[in-house]
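Undergrad: Top line first, the protein sequences correspond to chains D and U.
Numbering (our numbering) for the first sequence: 442 to 768.
Numbering (our numbering) for the second sequence: 442 to 768.
Sharing a structure, written as structure tokens. Questions coming.
Number of protein chains: 2
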Amino acid sequence: MKIALDAVGGDHFPHHPVEGAIQAANERPDLHILLAGPGKLVEEELKKQNFSGSNISVVDAPDIIRMDDSPAMAVKTKTNSSIAVGLGMHAKGHCDAFISAGNTGALLAASAFILGRLPGVMRPTIASNFPTINGVRLMVDVGANIEVKPEMLYQFGIMGSVFAQRMLGVENPRIGLVNVGEEEEKGDETIRKAHELLRKSPFFIGNIEGRDILSGKADVFVCDGFVGNVLLKFGESIPDALMHIVKKVIVKRGLDREQIELISGVLREAFAPFDYQLVGGVPFLGVNGVSLVGHGGSTPMAVKNMIFMAEKMVREKVNSTITTSLN
Amino acid sequence: MKIALDAVGGDHFPHHPVEGAIQAANERPDLHILLAGPGKLVEEELKKQNFSGSNISVVDAPDIIRMDDSPAMAVKTKTNSSIAVGLGMHAKGHCDAFISAGNTGALLAASAFILGRLPGVMRPTIASNFPTINGVRLMVDVGANIEVKPEMLYQFGIMGSVFAQRMLGVENPRIGLVNVGEEEEKGDETIRKAHELLRKSPFFIGNIEGRDILSGKADVFVCDGFVGNVLLKFGESIPDALMHIVKKVIVKRGLDREQIELISGVLREAFAPFDYQLVGGVPFLGVNGVSLVGHGGSTPMAVKNMIFMAEKMVREKVNSTITTSLN
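Structure representation (structure tokens):
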């Protein structure tokens with residue numbers, strides 16, 4: 442299997458992407474990794490990091506799309522970027538997946554444009570892992586579609602449930618529609634119609650409320666990209682906020698070193714599911730290919746896990762299952 | 442000052458409302474509390490709880506609006522409910538505020554209908570305290586208006602900032618517009634127009650993201666009632682979810698009794714700001730009167746704190762300041 446990786450995506454390129462690629466290549470000799478980026482820069486980084494294997498190749502892509510570039514402009518003007526070249530290779534069948542820790546907006550736009558949509562899909566979506574007390578579950582959409590139609594929410598639910606089955610190992614993924622109340626008449630017209638459409642799925646459990654997310658009442662949380670984006674970032678902020686408040690209490694109580702270490706250790710372990718590094722990246726669902734985007738700050742471990750996640754998405758035939766489920 | 446209290450609101454009536462009224466009446470002999478509810482029921486409860494003071498009166502209101510009654514129907518048909526009678530007295534100037542731990546939807550509808558709106562207000566809103574690492578701040582709207590216009594979001598910001606100044610003691614309340622990114626072009630057209638309108642306020646700090654809420658980047662978080670409702674309930678679920686995860690870690694590590702008590706104690710104290718009891722209730726802002734609704738499960742202490750909050754809203758002239766700020 443060939444997986445293309447953006448060598449100049451994220452806040453720490455080329456160091457982190459290249460190191461992540463080397464880790465993945467060493468762990469899985471059966472994978473071949475294509476590093477897309479300015480040829481010389483990437484070759485030098487590989488040398489610097491002493492890679493001696495044969496399962497990483499460099500694909501020259503001189504343009505660099507920056508994190509703060511306007512997505513639409515970047516995709517239009519930087520036609521030789523790592524993103525355009527990597528996705529172009531994927532579209533032509535020269536590799537099985539494309540991964541980047543770069544500009545999410547540009548990646549979404551380029552993925553939709555270059556790969557196209559799966560048959561029947563209205564709009565590609567970004568699905569993200571979301572930590573709950575029952576482990577990591579899925580939220581769809583988390584920012585790709587700020588304005589939605591009922592049919593889109595329906596499709597988010599179906600695509601999310603396929604992903605949960607294949608990738609998270611949830612046999613019967615409960616689909617919950619995020620709403621302001623459990624009663625079916627709650628919400629605006631879009632939400633109410635989406636509720637009606639989702640009834641077609643045997644996995645739909647109805648509306649869920651804000652309090653039902655962390656408690657893991659559903660396995661797939663369906664919402665528009667505005668709500669999902671705000672919730673995802675809110676959720677990511679919990680560990681730091683709580684550590685801050687706990688520190689204040691520790692200082693106030695004058696706890697000793699041993700007590701502080703005990704509390705920090707327990708909280709660190711409790712917060713582990715909130716660590717995006719373990720997750721790797723989030724998929725664009727609905728595009729005709731496997732395209733993942735990672736956190737801008739992705740560490741080499743996060744990059745490595747993204748590569749493995751992409752490999753699994755290909756192996757588990759997520760896309761053909763989505764197509765069957767929607768049509 | 443006279444404050445009317447719904448004696449049959451919430452999950453524990455008449456016990457909790459009456460006990461809360463007695464606590465408030467004993468603590469503040471300068472307040473006069475009017476208990477609205479079925480006369481005999483309330484009189485008996487007062488006797489049962491041995492109230493011997495003179496600053497509580499009973500106002501007979503035989504109809505009871507239940508927590509699961511349809512708001513519109515309840516307001517239309519139960520014209521002698523504690524809610525209709527209490528708000529009616531307030532509208533006629535026979536008391537200075539009305540408080541209930543009852544059916545939020547019915548209270549909002551009845552408050553808007555019976556009290557009317559303050560001059561210039563498009564739509565009344567529900568503002569709620571929201572815990573942050575800098576203490577309790579304000580979120581507006583948290584469920585009254587699922588669909589909004591830009592002008593409504595603007596007014597939520599202004600009304601919220603007045604409340605934050607007068608009630609939370611924040612001299613220069615930073616107004617943040619909840620959005621999917623900091624850049625002003627983010628969000629849909631409604632949000633972008635609201636952003637433009639909010640620039641009129643010297644307190645507006647621009648867009649904030651989901652991660653900026655718990656970290657207290659703003660003092661007033663402006664959003665539509667859908668987003669606010671989901672966020673509020675999500676936030677309320679954090680303590681339980683975290684305690685659940687921490688317990689798992691404690692069991693896994695086989696901690697001893699002393700260690701468990703230390704951790705629980707620290708976390709309980711850290712989570713104290715998330716306790717709705719201390720807050721009391723949330724106000725309907727924009728109505729021509731002081732109307733507060735409390736959590737259905739309100740304890741006597743929560744009821745007492747709601748009474749004091751209403752008293753402060755009257756004393757601090759929140760409504761006349763809102764009117765001045767909007768016109």
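Think of the CB as a built atom: it goes at the ideal place given N, C-alpha and C, for glycine as much as any other residue.
Grab me the residues of residue 574/U's own chain with a C-beta within less than 7 Å of its C-beta, minus the 5 sequence neighbours each way, in chain order.
TA: For residue 574/U, where only same-chain residues beyond five positions count, the Cβ hits under 7 Å are 655, 656, 657.
Undergrad: Please classify residue 732/U as buried or exposed, where buried requires at least 16 other C-beta atoms within 10 Å of its C-beta.
TA: buried
Undergrad: Is it right to say residue 653/U is buried, meaning 16 or more other beta carbons lie within 10 angstroms of its own, or is it exposed?
TA: buried
Undergrad: Please determine if the stretch 739-746 of chain U and the stretch 457-472 of chain U are in contact, where contact requires at least 3 C-beta pairs separated by less than 8 Å.
TA: At 8 Å Cβ cutoff, the stretches touch.
Undergrad: Give me the chain D residues within the contact set of residue 685/U, using Cβ-Cβ distance strictly less than 7 Å, ordered along the chain.
TA: 574
Undergrad: Could you tell me which residues DSSP pairs with residue 477/U in its beta bridges?
TA: 447/U, 500/U
Undergrad: Does DSSP classify residue 578/U as helix, strand or coil?
TA: strand
Undergrad: From residue 595/U to residue 605/U, what does the alpha carbon distance come to, in whole angstroms?
TA: Using only the alpha carbons, I get a separation of about 15 Å.
Undergrad: With a threshold of 8 Å, are at least 3 pairs of Cβ atoms found where one atom belongs to the stretch 553-569 of chain U and the other to the stretch 702-711 of chain U?
TA: no
Undergrad: Whose C-alpha, out of 724/D, 662/D, 614/D, is nearest the C-alpha of residue 752/D?
TA: 724/D
Undergrad: Classify residue 550/D as helix, strand or coil using the three-state DSSP reduction.
TA: helix
Undergrad: Looking only at its own chain, which residues have a Cβ that is under 6 Å from the Cβ of residue 569/U, when we skip the five neighbours before and after it?
TA: 580, 583, 673, 723
Undergrad: Report buried or exposed for residue 756/D, applying the criterion of at least 16 other Cβ atoms within 10 angstroms of its Cβ.
TA: Residue 756/D should be labelled exposed.
Undergrad: Mind pulling the chain D residues with CB within less than 9 Å of residue 628/U?
TA: 587, 667
Undergrad: Starting from residue 690/U, find everything on chain D with Cβ-Cβ shorter than 7 Å and list it in chain order.
TA: In chain order: 707, 710, 711.
Undergrad: What residues match up with residue 722/D in a beta bridge as DSSP calls it?
TA: 735/D
Undergrad: By a C-beta neighbour count over all protein chains shown, 10 Å radius and 16 as the cutoff for buried, is residue 768/U buried or exposed?
TA: exposed
Undergrad: Measure the CB-CB distance between residue 478/U and residue 510/U and report whether it falls below 9 Å.
TA: no
Undergrad: Closer than 9 Å between beta carbons: that is the criterion. Which residues of the stretch 670-683 of chain U meet it against chain D?
TA: 670, 671, 672, 673, 674, 675, 676, 677, 678, 679, 681, 682, 683
Undergrad: Would you mind stating whether residue 545/U and residue 734/U have Cβ atoms separated by less than 9 Å?
TA: yes
Undergrad: So with CB distances below 7 Å, who are the chain U contacts of residue 656/D?
TA: The contacting residues are 678, 682.
Undergrad: Can you tell me which of the three DSSP states residue 638/D falls into?
TA: helix
Undergrad: Which chain D residues sit within Cβ distance under 7 Å of residue 663/U?
TA: Residues of chain D passing the Cβ test: none, with the nearest at roughly 12 Å.
Undergrad: Along chain D, which residues have their Cβ under 8 Å away from the Cβ of residue 652/U?
TA: 674, 675, 677, 678
Undergrad: Which term fits residue 593/D, buried or exposed, when burial requires 16 or more other beta carbons within 10 angstroms of its beta carbon?
TA: By the beta-carbon neighbour count (other beta carbons within 10 angstroms, threshold 16), residue 593/D is buried.
Undergrad: Answer with buried or exposed for residue 457/U, where buried requires no fewer than 16 other C-beta atoms within 10 angstroms of its C-beta.
TA: buried
Undergrad: Taking the continuous beta strand (DSSP E) assigned at residue 572/U, which residues delimit it?
TA: 566-573
Undergrad: May I have the straight-line CA-CA distance separating residue 494/U from residue 647/D, to the nearest angstrom?
TA: 50 Å
Undergrad: Would residue 601/D count as contacting chain U if we go by Cβ distances under 9 Å?
TA: Not flagged as an interface residue toward chain U: residue 601/D, since no C-beta distance is shorter than 9 Å.
Undergrad: Select from the stretch 607-628 of chain U all residues with a C-beta closer than 9 Å to any C-beta belonging to chain D, and list them in chain order.
TA: 619, 620, 621, 622, 627, 628
Undergrad: One question on the structure: do residue 763/D and residue 721/D come within less than 9 Å of each other, judged by their Cβ atoms?
TA: no
Undergrad: DSSP three-state label for residue 648/D, please.
TA: In the structure shown, residue 648/D sits in a strand (DSSP, three-state: E or B).
Undergrad: Taking 7 Å as the limit between beta carbons, can you name the residues of its chain near residue 667/D, skipping five residues before and five after?
TA: Within the same chain, residue 667/D has close Cβ partners 587.
Undergrad: If contacts are defined as beta-carbon pairs under 8 Å, then residue 413/D and residue 616/D qualify, I think. What distance do you get, rounded to the angstrom?
TA: Because chain D here runs from 442 to 768, residue 413/D falls outside it and cannot be looked at.
Undergrad: Strictly below 7 Å CB to CB, what residues from chain U border residue 584/D?
TA: 621
Undergrad: Which same chain residues, not among the five before or five after residue 585/D, have their C-beta less than 8 Å away from its C-beta?
TA: 549, 564, 565, 566, 567, 666, 725
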